[in-house]
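Student: Just so you know, we're using the working numbering here: the sequence shown kicks off at 33 and counts up by one.
Shown below is the structure under consideration.
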Amino acid sequence: MAGLDQISNLARPHALAVLGAFHKGAAPVPEGVETLVLLGPQEPGFWASFTQSPEYRDTLPDPMDRWSRRILDALAGRLGACAFYPFGTTPPHPFYTWAKASGRAWPSPVQFLVHDTAGLWLSYRGALGFAQRLDLPPPPAAQSPCTTCAQPCVTACPARALTQTGYDTAACHAYLDQPAGQACMTGGCAVRAACPLSHAYGRDPDQSAFHMRHFHT
Ligand code: B12
Ligand code: SF4
Ligand code: SF4
């Protein structure tokens with residue numbers, strides 16, 4: 033039976049890491065799944081690895097989603113698991129709910145998820161569902177990092193589009209169209225960057241720029 037160490041070892045060459053896992057019962061999961069394992073970028077290094085891929089180089093649409101499918105489908109095949117993705121289904125798989133169930137990510141004061149190592153730069157490339165109940169270690173942190181933080185995320189948005197009162201996506205897009213918005217376009221969302229845990233994650237700003245271009249076309 034697969035264990036988290038084996039999953040991590042197979043994911044690492046693709047610059048992917050296990051960012052959380054939980055058993056059925058902690059959150060609704062697809063039929064037949066007993067354990068769900070969440071995978072996302074292993075930093076530093078994810079962007080350097082991804083940009084070597086055929087999907088990045090072929091200039092066709094949605095390179096990261098296509099890369100995620102190829103890599104996670106192969107991992108699922110090796111491990112006898114099923115792969116699930118945060119994109120491409122209607123309705124979407126509930127990754128936000130799954131993240132909370134893992135005990136390694138929490139809603140931040142601005143609602144985006146904050147993760148124990150990725151901070152607000154958290155994103156998932158997919159999840160592996162296992163029919164077996166795998167042994168899972170307890171989550172490394174007992175509580176959200178936000179409880180002992182000065183909360184710079186709350187005031188970091190220069191457009192006041194993402195605050196404790198919610199996310200005004202129209203105001204965010206309007207700001208990104210202005211010259212001042214170029215800082216978010218090239219370096220990523222200032223709110224996500226403001227989190228102390230984000231600083232330690234080591235994400236390449238080129239990756240943030242890539243996602244921002246996708247978000248704000
Ligand atoms: C639709 C969507 C959006 C929408 C609306 C957000 C929303 N209301 O959830 C829009 C287009 C605004 C959006 C934007 C972004 N998103 Co988005 N988005 C999604 C998506 C595809 C579906 C969410 C959904 O409806 N799920 C279905 C419901 C039924 O299940 P659920 O997710 O468990 O439901 C919970 C959430 O919806 C949550 N919720 C309710 N309202 C809001 C509002 C916000 C802002 C958030 C974060 C959550 C949230 O409450 C529900 C109950 O717990 C998820 C992936 C996924 N499959 O979940 C990513 C996801 C939530 N997004 C993500 C990301 C990375 C982004 C971007 C940062 C992309 C980027 N640029 O890199 C941007 C934000 C731009 C910025 N300022 O940087 C990440 C999480 C990031 C985080 N730290 O929280 C996810 C998990 C995708 C991933 N691959 O990891 N997104
Ligand atoms: S800046 Fe502080 S309050 Fe905001 S998400 Fe990060 S740890 Fe939580
Ligand atoms: S991308 Fe920039 S304008 Fe949009 S929510 Fe983040 S900090 Fe605010």
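Every residue gets a Cβ at the ideal spot worked out from N, C-alpha and C, and that includes glycine.
It should be emphasised that the depicted structure is a prediction, and the values quoted were computed from it without experimental measurement.
Check whether the Cβ atoms of Gly-64 and Ala-159 sit closer than 8 angstroms, and answer yes or no.
Tutor: For the purposes of this step, residue 64 is taken as the residue at position 32 of the sequence shown. For the purposes of this step, residue 159 is taken as the residue at position 127 of the sequence shown. Against a cut-off of 8 angstroms, the Cβ pair of Ala-159 and Gly-64 comes out as no contact.
Student: Can you give me the Cβ contacts of Gly-213 inside the same chain, cut-off strictly under 7 angstroms, excluding the 5 residues immediately before and after it?
Tutor: Position 181 of the sequence shown, counted from the first residue, corresponds to residue 213. Contacts found: Tyr-207.
Student: Return the residue from the list Ser-176, Ala-191 and Leu-42 that minimises the CA-CA distance to Asp-105.
Tutor: For this step, residue 105 is matched to residue 73 along the sequence shown. Checking every option, the nearest Cα to that of Asp-105 belongs to Leu-42.
Student: So the candidates are Gly-198, Leu-229, Thr-195 and Pro-190; which of them puts its Cα closest to the Cα of Ala-215?
Tutor: Within the sequence shown, residue 215 is the residue found at index 183, counting from 1. The option with the nearest alpha carbon to Ala-215 is Pro-190.
Student: Name the two residues that bound the continuous alpha helix (DSSP H) containing Trp-79.
Tutor: Against the sequence shown, residue 79 aligns to sequence position 47. Residues 78 to 82.
Student: Work out the CA separation of Gly-120 and Ala-53 for me, nearest whole Å.
Tutor: Along the sequence shown, read from residue 1 onward, the residue named residue 53 stands at position 21. Along the sequence shown, read from residue 1 onward, the residue named residue 120 stands at position 88. Roughly 22 angstroms between the two C-alpha positions.
Student: Can you check whether the CB of Tyr-199 is closer than 8 angstroms to the CB of Gln-239?
Tutor: Here the question's residue 239 lines up with position 207 in the sequence shown. Here the question's residue 199 lines up with position 167 in the sequence shown. Cβ distance not < 8 angstroms, so Gln-239 and Tyr-199 don't count as in contact.
Student: Check each candidate in Pro-237, Gly-220 and Thr-129 and name the one with the smallest Cα separation from Tyr-156.
Tutor: Against the sequence shown, residue 156 aligns to sequence position 124. Residue Thr-129 is the option with its Cα nearest to Tyr-156.
Student: Would you be able to state if there are at least three C-beta pairs under 8 angstroms between the region 74 to 87 and the region 108 to 115?
Tutor: Judged by Cβ distances under 8 angstroms, the region 108 to 115 makes no contact with the region 74 to 87, as fewer than three pairs qualify.
Student: DSSP three-state label for Leu-92, please.
Tutor: Walking along the sequence shown from the start, residue 92 turns up at place 60. In the structure shown, Leu-92 sits in coil (DSSP, three-state: anything other than H, G, I, E or B).
Student: Please classify Gly-220: is it buried, with 16 or more other beta-carbons within 10 angstroms of its beta-carbon, or exposed?
Tutor: Residue numbering aside, residue 220 sits at position 188 when the sequence shown is read from its first letter. It counts as buried.
Student: Measuring alpha carbon to alpha carbon, tell me which of Ala-203, Ala-232 and His-248 ends up nearest His-147.
Tutor: Within the sequence shown, numbered from 1, the residue matching residue 147 stands at position 115. Nearest of Ala-203, Ala-232 and His-248 to His-147, Cα basis: Ala-232.
Student: The beta strand (DSSP E) spanning Gly-158 covers which residue range?
Tutor: Against the sequence shown, residue 158 aligns to sequence position 126. Start and end: 158 to 162.
Student: Using a threshold of 8 angstroms, state whether the C-beta atoms of Ala-137 and Ala-58 are closer than that.
Tutor: What you label residue 137 is simply residue 105 of the sequence shown in a count that begins at 1. What you label residue 58 is simply residue 26 of the sequence shown in a count that begins at 1. No; because the gap between Cβ atoms is not below 8 angstroms, this pair is not in contact.
Student: Which same chain residues, not among the five before or five after Pro-60, have their C-beta less than 8 angstroms away from its C-beta?
Tutor: Stepping through the sequence shown from its first residue, residue 60 is reached at position 28. The residues are Pro-126 and Thr-129.
Student: So, with DSSP's three-state summary, where would you put Leu-154?
Tutor: On the sequence shown, position 122 is the one that residue 154 refers to. DSSP places Leu-154 in coil when its eight states are reduced to three.
Student: CB-CB under 6 angstroms to Leu-166, same chain, minus the five flanking residues each way: which ones, in chain order?
Tutor: As a position in the sequence shown, residue 166 is number 134, starting the count at 1. The residues are Thr-67.
Student: Leaving aside the five residues before and after Ala-150 along the sequence, list all residues of the same chain whose C-beta is less than 6 angstroms from its C-beta, in chain order.
Tutor: Against the sequence shown, residue 150 aligns to sequence position 118. Cβ within range, chain order: Tyr-233.
Student: Could you check what DSSP says for Thr-195 in three-state terms: helix, strand or coil?
Tutor: On the sequence shown, residue 195 is found 163 positions in, with the first residue counted as 1. Residue state, collapsed to three classes: strand.
Student: On the CB-based measure, 16 or more other CB atoms within 10 Å of its CB, does Gly-72 come out buried or exposed?
Tutor: As a first step, residue 72 must be located in the sequence shown, where it is residue number 40. Buried, because 16 or more other Cβ atoms sit within 10 Å of the Cβ of Gly-72.
Student: Ligand 1 heavy atoms versus the CB of Leu-194: any closer than 7 angstroms?
Tutor: In the sequence shown, the residue the question calls residue 194 occupies position 162. Leu-194: yes, Cβ under 7 angstroms from ligand 1.
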